[in-house]
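In the UniProt record's numbering, the protein residues as written are 1 to 219.
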């Protein structure tokens with residue numbers, strides 16, 4: 001029987017952590033890009049655009065991420081399309097992330113005083129110009145804390161991708177446990193690594209929120 005040292009276990013978990021971090025970054029960046037598009041549709045003057053964005057957000061917020069992963073991985077297989085686990089995981093997480101970020105950002109945009117819209121419109125700005133030069137710069141300050149805070153949920157969400165065979169941190173924990181028969185040690189280290197990834201982001205979100213509130217009160 002092969003003996004596994006604590007370093008052997010930790011090294012294997014850290015190697016898998018790279019994929020957790022990479023998947024989180026892809027989901028956040030891709031979801032942010034799609035979410036921005038959804039935001040523009042959500043606040044559009046076009047009724048059909050608003051309806052599409054609204055139902056998209058409700059669909060992805062109202063269904064479990066696990067189900068979305070299953071559909072992305074197995075659903076396309078029904079049509080004879082072979083989808084690698086990493087592609088299905090990235091696709092599902094990007095679409096899921098976009099729905100939440102779009103709604104977070106919509107709240108931030110709507111927190112900007114209505115007078116800002118009216119003032120920029122009086123200068124002859126179009127809708128996109130208003131968003132780019134007046135509304136988004138103000139909404140950005142409000143959006144940073146909840147956006148950073150939601151990134152913690154994205155990292156935690158990557159753990160569900162193990163169910164479709166994507167080898168990230170939690171999946172690696174299961175594999176290492178089966179090889180070492182040391183579940184307490186392995187999952188204890190998995191929990192510590194997740195904490196090391198999530199706690200700085202969570203703390204940063206709290207600090208940014210406090211600074212924003214102080215700046216707002218001073219203003």
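Beta carbons: idealized from backbone N, C-alpha and C, even for Gly.
Any chain C beta carbon closer than 7 angstroms to residue i
| i | result |
| --- | --- |
| residue 172 | Although the question refers to chain C, the structure presented lacks it and comprises just one protein chain. |
Selected residue, minimal CA-CA separation from residue i, among the options
| i | options | result |
| --- | --- | --- |
| residue 28 | 147, 69, 73, 50 | 147 |
| residue 205 | 126, 149, 7 | 149 |
| residue 4 | 186, 38, 139 | 186 |
| residue 210 | 110, 138, 145 | 145 |
| residue 57 | 207, 135, 95 | 95 |
| residue 221 | 59, 72, 79 | The structure shown does not extend to residue 221, since the chain spans only 1 to 219, so no value can be given for it. |
| residue 6 | 195, 180, 207, 88 | 180 |
| residue 21 | 207, 195, 128 | 195 |
| residue 113 | 134, 183, 79 | 134 |
| residue 19 | 182, 178, 158 | 158 |
| residue 88 | 46, 132, 167 | 167 |
| residue 45 | 9, 126, 8, 80 | 126 |
| residue 31 | 60, 51, 49 | 60 |
Under 7 angstroms between C-beta atoms of residue i and residue j
| i | j | result |
| --- | --- | --- |
| residue 108 | residue 143 | yes |
| residue 69 | residue 164 | yes |
| residue 105 | residue 39 | yes |
Cβ-based neighbour list, residue i, same chain, cut-off 6 angstroms, excluding 5 preceding and 5 following
| i | result |
| --- | --- |
| residue 35 | 98, 101, 102 |
| residue 155 | 24, 197, 198 |
| residue 116 | 134 |
| residue 1 | Any reading at residue 1 needs caution, since the residue's pLDDT is 47, under 50, leaving its predicted position unreliable; the model's value is listed next. If we look at residue 1 and ignore the five residues flanking it on each side, it has no Cβ neighbours. |
Beta-carbon proximity list for residue i, same chain, < 7 angstroms, skipping 5 on both sides
| i | result |
| --- | --- |
| residue 82 | none |
| residue 13 | 169, 172, 173, 176, 189, 190, 193 |
| residue 15 | none |
| residue 141 | 212 |
| residue 43 | 106, 109 |
| residue 200 | none |
| residue 49 | 41 |
Cβ separation of residue i and residue j, assumed to be a contact under 8 angstroms, to the nearest whole Å
| i | j | result |
| --- | --- | --- |
| residue 63 | residue 193 | Between residue 193 and residue 63 the Cβ distance is about 29 angstroms, and since that is not below 8 angstroms, they are no contact. |
| residue 41 | residue 53 | 4 angstroms |
| residue 93 | residue 23 | 7 angstroms |
| residue 85 | residue 111 | Not quite, the Cβ-Cβ distance comes to about 39 angstroms (not below 8 angstroms), so this is no contact. |
| residue 130 | residue 120 | 4 angstroms |
| residue 128 | residue 66 | The pair is not a contact, with the Cβ atoms about 37 angstroms apart (cut-off 8 angstroms). |
Same chain only: Cβ atoms within 8 angstroms of residue i, ignoring 5 sequence neighbours per side
| i | result |
| --- | --- |
| residue 202 | 149, 152 |
| residue 11 | none |
| residue 183 | 177 |
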